[in-house]
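Q: For the sequence shown, my numbering assigns the number 2 to the initial residue and increments by one for each residue that follows.
One structure, pasted below without further comment.
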Amino acid sequence: MPTATVDVTLHRVLKRRAEALPEHAHDQAQLTFVTSGMAQLRTERGVWLLPPQLAAWVPPGMPHRLEILTDAELLVVLWSPAALRAAKPDDFPEDDFVSPVSPLLRSLLEALAGADLASERGRIMLGLVLHELRCVAQAPTYLPMPASEIGLRVAEIALGDHRNQLPLETLASRAATSVRTASRRFPEETGMTLKAWRQRARILWAVAELGRDKAISQVARETGFASTAAFSHAFRQVMFQTPSEFLASCQPHESRL
């Protein structure tokens, strides 16, 4: 059920695996916090995988799509443009971003779920939420998408290569470009080398499969790793934790909303 003021609306919702909200845009800014489970947010700039450690911010008017990868519990807060202008810090980012969910931010969101947002206390907590959000420019669960037509062709072909088997020459040829052009486009347009981008895409695909209750050993095979140990090592390099640790972190928090 939503809790609302004239300018801010808070929704607490349960979503089932494979549900999705089609691409849409609205006048309000949106903060999405997955309290348990896993979701994926797509914007024009890239794909954001959302475990409970991260919250996603979408500014007013930006098209976005939310996909539910596992059964999930979500908290969504919407700010009108007027409410956002009145409460945000001067240096608040203009673009979409993800923020780590600090203990303070989690506590604020949990408290807001049962608070009167129109009260002075509610308004103060909402302001603190905006001050506590911190942009992570290259979060491990974010896959930036290239902006050019050539870069997007390469990216779409690479996204279908979950086992990372296509040689770079084949990848470039299928995208009707050269290895040199493809290798240059990705650092310019995504901030990542093509090799690093492909590895992150591979691991994020694996994360989504793990969220569908597949065994770690099965996902390791499906992503083309020689062993579960090799998969865990590559996973840690991207996500900074093992697959088992990551899945444990997606379980419901002790203080459920």
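Every residue gets a Cβ at the ideal spot worked out from N, C-alpha and C, and that includes glycine.
1) Is there contact between the stretch 135-151 and the stretch 42-52, where contact requires at least three CB pairs shorter than 8 Å?
2) Helix, strand or coil for T10 per DSSP?
3) Return the CA-CA distance between V130 and L110, expressed in angstroms with no decimal places.
4) Evaluate the contact criterion for the stretch 81-97 versus the stretch 113-123: three or more CB pairs, one atom per stretch, below 8 Å.
5) Straight-line CA distance for S218 to F187?
6) I need the boundaries of the beta strand (DSSP E) containing T36, first residue and last residue.
7) Ordered along the chain, which non-local residues of its own chain (more than five positions away) have a Cβ less than 6 Å from that of E210?
8) My assumption, with CB atoms under 8 Å, is that A159 sits in contact with A173. Please give the rounded CB distance.
9) Keeping to the same chain, check which residues put their C-beta closer than 6 Å to that of E1; ignore five residues upstream and five downstream.
10) When we look at the beta-carbon of R199 and count the other beta-carbons within 10 Å, is it buried (16 or more) or exposed?
11) Could you compute how far the alpha carbon of I125 sits from the alpha carbon of A112?
12) Between E68 and Q41, how many whole angstroms is the CB-CB distance? I'm expecting something under 8 Å.
13) How far does the alpha helix (DSSP H) with P188 in it extend, from its first residue to its last?
14) With DSSP collapsed to three states, give me the class of A1.
15) Starting from G1, trace the beta strand (DSSP E) both ways and give me its first and last residue.
16) Quick check on DSSP: helix, strand or coil for P145?
17) Within its chain, find whatever has a CB closer than 7 Å to the CB of R164; leave out the 5 residues flanking it on each side and keep chain order.
18) In the DSSP assignment, find the unbroken alpha helix (DSSP H) run with V220 in it and report its ends.
19) Less than 9 Å between the beta carbons of L134 and A84, yes or no?
20) Rounded to whole angstroms, what's the CA-CA distance from A114 to L11? Just pull it up for me.
21) Measure the alpha-carbon distance for L248 versus L70 and round it to whole angstroms.
A: Well, looking at it:
1) yes
2) Note: T10 maps to strand in three-state DSSP.
3) Straight-line Cα distance between these residues: approximately 8 Å.
4) no
5) 31 Å
6) A30 to S37
7) V220
8) Between A173 and A159 the Cβ distance is about 10 Å, and since that is not below 8 Å, they are no contact.
9) The question about residue 1 has no answer here: the residues shown for the chain are numbered 2 through 258.
10) buried
11) 12 Å
12) 4 Å
13) First-last of the alpha helix (DSSP H) with P188: V180 to T191.
14) A question about residue 1 goes unanswered here, because the residues of the chain that appear run from 2 up to 258.
15) In this structure the chain extends from 2 to 258, so residue 1 is not present and cannot be described.
16) strand
17) T224 and G225
18) I217 to E223
19) no
20) 7 Å
21) Their Cα atoms are separated by approximately 13 Å.
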